[in-house]
Every structure is written in C-alpha cells, then in structure tokens.
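Q:
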Amino acid sequence: MAAVSALGMTGALVSCSGAGGSGGVTLRLVAADYGDSSANSSKKYWDQLVRGFEAEHSGIKVEVSVYSWNDVDRKVTEMVAAGDAPDMAQIGAYADYAAAGRLYRADEVLSIPSQADFASELSDAGKVNRVQYGMPFAASTRLLFYNRTLFSEAGITPPTTWSELAADARALKAKGVKFPYALPLGPEEAQAETMQWLLSGGDGYLDGFGSYNLDSTQNVATFTWLKDELVGKGLTGPVPPAQLNRADAFTAFTRGEVGMLNGHPSLMKAAAAKGVQFGMVPMPGINGRAKSTMGVADWMTAFRQNGHQDQIRTFLDYVYDEKNVLDFSREYDLLPVTNSAQETMAASPQDADLAPFLQELPSSELYPVGKTSWAGVSAEIKKRIGKAVGPDGSPAAILGQLQRAAVTADSASAG
137 MAAVSALGMT GALVSCSGAG GSGGVTLRLV AADYGDSSAN SSKKYWDQLV
187 RGFEAEHSGI KVEVSVYSWN DVDRKVTEMV AAGDAPDMAQ IGAYADYAAA
237 GRLYRADEVL SIPSQADFAS ELSDAGKVNR VQYGMPFAAS TRLLFYNRTL
287 FSEAGITPPT TWSELAADAR ALKAKGVKFP YALPLGPEEA QAETMQWLLS
337 GGDGYLDGFG SYNLDSTQNV ATFTWLKDEL VGKGLTGPVP PAQLNRADAF
387 TAFTRGEVGM LNGHPSLMKA AAAKGVQFGM VPMPGINGRA KSTMGVADWM
437 TAFRQNGHQD QIRTFLDYVY DEKNVLDFSR EYDLLPVTNS AQETMAASPQ
487 DADLAPFLQE LPSSELYPVG KTSWAGVSAE IKKRIGKAVG PDGSPAAILG
537 QLQRAAVTAD SASAG
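Going from the sequence shown to my numbering is simple: count from 1 and add 136.
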C-alpha cells in the first residue's frame with residue numbers, strides 16, 4: 137500500500153522507542169500511523185499501551201516505531217531484506233511473508249481465547265492456504281453516503297436499487313449538483329470502488345473456489361451498467377472516473393458538491409466538521425439491498441527471525457484485550473476486530489455513529505489478501521479499470537485483460 141492503508145487512513149512519519157531491558161527481552165514493533173496530525177498520531181496510542189504493558193510485565197520491553205502508510209510497508213520490506221526483521225509489524229499485507237515461511241502462525245503467538253475472539257470473517261481473510269498468519273488489527277466497511285440537503289432540495293429519498301440510484305442522480309443533476317454520484321476509479325483506490333460495485337452486482341473478485349473471476353458475466357454487466365447508465369449520462373461529475381481519486385471525492389463531498397458516494401467511517405467526521413448534513417444507507421443492489429458490502433482490514437504479523445515467540449504471545453494477548461481494542465477503534469473511527477469489543481460497541485450509545493458500519497461487517501467480503509498475487513492484481517486494477525467506463529471503453533475487454541493478468545500472476549505466485 138503505497139499511499140494509504142487498506143482502510144484509507146493517511147498519516148505522517150513519526151517514531152518512538154522504548155528502553156532495552158537488562159536481563160530481559162526487548163520486542164520491536166513497526167506500526168502504521170492512523171492519525172492525520174501529530175495531535176492524534178498512533179504514536180500516542182502505542183506509548184500509552186506500552187506503558188501499561190511494561191508496568192505489568194517487568195521482563196519484557198517493547199520498542200515501537202510508527203511510520204506513515206506511505207512508508208510502513210516499504211520500511212518492513214527493507215528490514216526483512218536486510219536480515220533485521222522486527223518481532224512484529226502492523227501493516228497492510230502479510231501473504232508474501234507467510235508464503236516465505238517468515239511468520240509465526242496466529243495460534244503460535246496468541247492464546248486460544250485471544251485467537252477465538254477474532255470476528256470469523258476477519259480470521260478467514262487472514263489465512264494463507266487455510267492457515268491464519270494475518271491477525272486483524274483494524275477493520276472498516278463501506279456505506280453509501282448522501283447529502284441530505286441536496287436530496288431534500290431535489291425531492292428524492294436514498295436509493296435501495298440501482299435504478300433508484302440512477303433516478304436520484306438524474307434528479308440531482310437537474311438541480312445543478314456537480315457530482316450527482318462520485319465514482320472514484322482513479323489510481324489511488326480504484327480497487328475499493330470496483331469491489332464495492334462488483335459485490336452490489338452479485339459477484340466479486342473471486343469465484344466460489346477462491347479463483348479470480350474478474351470477467352464473469354455479472355461483473356461485465358455491472359460495469360456495463362455503470363458505463364451506460366451513470367458515466368455515459370453525465371451523472372458522475374466533470375472529472376472522468378479514471379482521474380477521480382477517493383480523497384478528492386471525499387473532499388468534494390465535504391464541500392457539498394457530491395450527492396452520493398461510497399464512504400468509510402472517517403468521512404463522517406470530515407463531513408460533520410464542514411457542516412454537511414449527511415445520511416448513510418447500505419449500498420443498493422440491482423433489485424434491492426446488496427447481499428454484501430466491502431470490508432477492509434489491516435494486519436498484525438509476527439516474525440520468526442528473533443525467536444521471541446513467548447514474549448510476543450504475552451504482548452499480543454495484551455494488545456487484543458477488549459479495552460485496548462476499543463480504545464484504538466474509538467480514537468480512529470474504526471471497527472473492532474474482536475467479537476467481545478464489537479458486542480460492547482454495539483451496545484454503547486457513545487458508538488452509535490459506527491453502528492451502521494458495524495452491522496455490515498458480518499456479511500462483508502474482504503480483499504483477497506491471502507493471495508500473494510493480490511498486490512500485483514490490485515495495482516493492475518488501479519491502472520486499468522477506469523478505462524472500462526470511459527467514452528471508448530469496453531467493460532468486457534478491460535475486465536478480460538485484468539482477468540488474464542490475474543491468472544498469470546496467480547500461477548506465477550503458486551509456482
């Protein structure tokens with residue numbers, strides 16, 4: 137993940153370290169920054185957590201280095217290549233390290249209660265060849281955000297089907313709304329918008345056997361509808377979808393220029409701060425609510441190199457304590473990855489704004505991060521998918537190209 141995490145959070149480069157212990161073990165953790173300023177940097181979260189942990193475990197020190205999402209995956213790659221792997225890394229991908237035999241299995245570095253507490257859909261996404269290596273650390277889902285003020289002025293209600301979405305977009309355009317539906321298929325995060333639409337069309341990136349299925353009949357039909365009914369009719373705004381990035385679409389929404397778009401929880405705070413009156417509904421499907429939405433997770437990994445298995449287990453059991461999971465989730469408007477924390481959040485009035493996202497998580501589908509080929513396939517989607525809805529684009533041709541590239545990448549990684 138070059139510029140943003142899977143969850144779409146950005147951050148600045150910061151670092152911190154704890155003191156080494158004499159006669160004890162010092163664990164090194166590389167973590168990603170979910171903050172957008174020094175005031176809410178993840179450094180503060182980890183500083184507080186480590187202080188609490190070290191107070192209870194005198195024989196273990198923990199040094200945490202926090203990097204922005206622009207840098208963290210590359211930093212860990214460089215450390216591993218130099219033979220200096222950290223004990224743990226909280227990053228965006230894990231499959232390559234697992235395939236190379238560099239990671240502990242989750243059951244080697246978590247107690248049975250801790251591992252069993254993960255939400256099952258997240259545990260499953262953390263597996264390579266049916267063995268869990270990626271431990272979910274933060275999660276998010278997507279909902280359709282809409283501008284209540286613009287909807288009221290156009291006399292429309294939130295859509296529950298594709299045809300209603302298109303009709304709402306036409307009504308918004310007639311009222312002069314700049315982006316009736318913002319469709320960010322630019323290179324920043326096109327794989328997310330694409331997956332959301334494929335799921336709402338009844339399919340996705342993989343078939344039922346775990347093989348890539350990008351050019352399925354349903355997927356081609358989905359992008360043909362987008363091209364013909366939204367983009368082709370001028371309902372996606374003045375910026376071509378292939379050039380519209382998610383961050384720019386979000387910013388336009390906070391300026392009151394967007395009628396509808398897919399968004400994650402961080403958009404709530406940004407829109408509210410700008411005074412935008414907004415609502416959120418599940419993503420519409422072809423004939424009703426989509427069967428599933430897109431879920432996203434970032435991952436904790438534990439490297440074998442330094443052999444600190446027991447100390448890592450002690451620390452990670454502390455990290456995944458319900459209080460710590462809730463503290464992190466609430467600080468950054470993210471969803472807890474454990475069942476215990478999810479149950480507490482669902483019942484808590486202070487977390488009411490996250491409830492709609494939490495309700496979507498059990499039926500969500502995540503990126504196929506357990507495939508070592510996914511990083512390359514994702515990059516190809518970012519590069520090409522916007523062309524599918526362009527004036528001269530062919531959804532069938534572009535999805536066919538992506539499918540062939542995915543199959544080739546998958547075969548190469550398996551070989």
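Note that beta-carbon positions come from the ideal geometry of N, C-alpha and C, so glycine has one too.
#1: Helix, strand or coil: how does DSSP classify A155 here?
#2: Please check the pair E329 and L321, which I expect to be a contact at CB under 8 Å, by giving their CB distance rounded to whole angstroms.
#3: Check whether the segment 541–550 and the segment 400–414 are in contact - that is, three or more C-beta pairs closer than 8 Å.
#4: Taking three-plus beta-carbon pairs below 8 Å as touching, is the segment 506–526 in contact with the segment 374–383?
#5: Are three or more beta carbon pairs between the segment 490–505 and the segment 425–433 nearer than 8 Å?
#6: Measure the C-alpha to C-alpha separation of A167 and L279 and round it to an integer number of angstroms.
#7: Since I448 is in the alpha helix (DSSP H), which residue starts that stretch and which ends it?
#8: Starting from the C-beta of D253, find all residues in its chain whose C-beta is less than 6 Å away, skip the five residues before and the five after it, and write them out in chain order.
#9: In chain order, what residues of the same chain lie with their CB nearer than 8 Å to the CB of Y233, ignoring the 5 residues before and after it?
#10: Please check the pair G392 and N283, which I expect to be a contact at CB under 8 Å, by giving their CB distance rounded to whole angstroms.
#11: So, using beta-carbon positions, are L246 and L452 closer together than 7 Å?
#12: With a Cβ-Cβ cutoff of 7 Å, do F273 and D434 count as a contact?
#13: Do P472 and V455 come within 7 Å of each other at the CB atom, strictly closer than that value?
#14: What would DSSP say about M419, mapped onto helix, strand or coil?
#15: Alpha carbons only, please: which of L538, W333, E516 is nearest the one belonging to E324?
#16: Among all the DSSP beta bridges, which residues are the ones paired with K197?
#17: Enumerate in chain order the residues of its own chain whose CB-to-CB distance from P420 is below 8 Å, with the five nearest sequence positions on each side excluded.
#18: Along the chain, which unbroken stretches of the alpha helix (DSSP H) at least 4 residues long are found entirely within the segment 352–381?
#19: Check the DSSP bridge columns for D434 and list the partner residues they point to.
#20: Taking the alpha-carbon positions, what's the T119 to G424 distance?
#21: What do you reckon, are the CB atoms on A307 and A290 nearer than 7 Å?
#22: What residues in its chain sit with their C-beta under 7 Å from that of T480, if we drop five residues either side in the sequence?
#23: Starting from F464, follow the alpha helix (DSSP H) in both directions and report where the run begins and ends.
#24: For the segment 226–295, list the beta strand (DSSP E) runs that are entirely contained and at least 3 residues long, ordered along the chain.
#25: Return the residue from the list H444, F315, S465, P527 that minimises the CA-CA distance to T372.
#26: Span of the alpha helix (DSSP H) holding N475?
#27: When you compare only the Cα positions, how much space is there between A482 and V264?
#28: Could you tell me which residues DSSP puts in a beta bridge with E501?
#29: Does DSSP put N206 in a helix, a strand or coil?
#30: Which same chain residues end up closer than 8 Å to S158 when comparing Cβ atoms and leaving out the 5 residues on each side of it in sequence?
#31: What does DSSP give as the partner residue(s) for M396 in the beta ladder?
#32: Check T146 in the structure and name its three-state DSSP category.
#33: Using the Cα positions of G262 and G506, report the straight-line distance between them to the nearest angstrom.
#34: Since T603 is in the alpha helix (DSSP H), which residue starts that stretch and which ends it?
#35: Compute the Euclidean distance between the alpha carbons of A406 and L380, then round it to the nearest angstrom.
#36: What number of angstroms, rounded off, separates the C-alpha of A218 from the C-alpha of V208?
A: Here's the rundown:
#1: Only weak support exists for where A155 lies, its pLDDT of 37 falling under 50; the coordinates are left without a value.
#2: 6 Å
#3: no
#4: yes
#5: yes
#6: 27 Å
#7: 445–455
#8: T474, N475, S476
#9: V216, L239, Y269, T437, F439
#10: 6 Å
#11: yes
#12: yes
#13: no
#14: coil
#15: E516
#16: T162
#17: L280, P295, T296, T297, W298, E300, L301, S336, A426
#18: 353–361
#19: A274
#20: The requested residue 119 does not occur in the structure, where the chain is confined to residues 137 to 551.
#21: yes
#22: E458, L462
#23: 458–467
#24: 271–277, 279–283
#25: F315
#26: 475–482
#27: 30 Å
#28: M430
#29: coil
#30: With a pLDDT of 40 at S158, under the threshold of 50, the modelled position of this residue cannot be trusted; read the value that follows with caution. If we look at S158 and ignore the five residues flanking it on each side, it has no Cβ neighbours.
#31: Y282, Y317
#32: At T146, the pLDDT of 40 sits below 50, so the modelled position is not reliable; the number obtained from the coordinates is stated separately. In the structure shown, T146 sits in coil (DSSP, three-state: anything other than H, G, I, E or B).
#33: 6 Å
#34: Since the first residue shown for the chain is 137 and the last is 551, residue 603 is missing from the structure and cannot be characterised.
#35: 19 Å
#36: 15 Å
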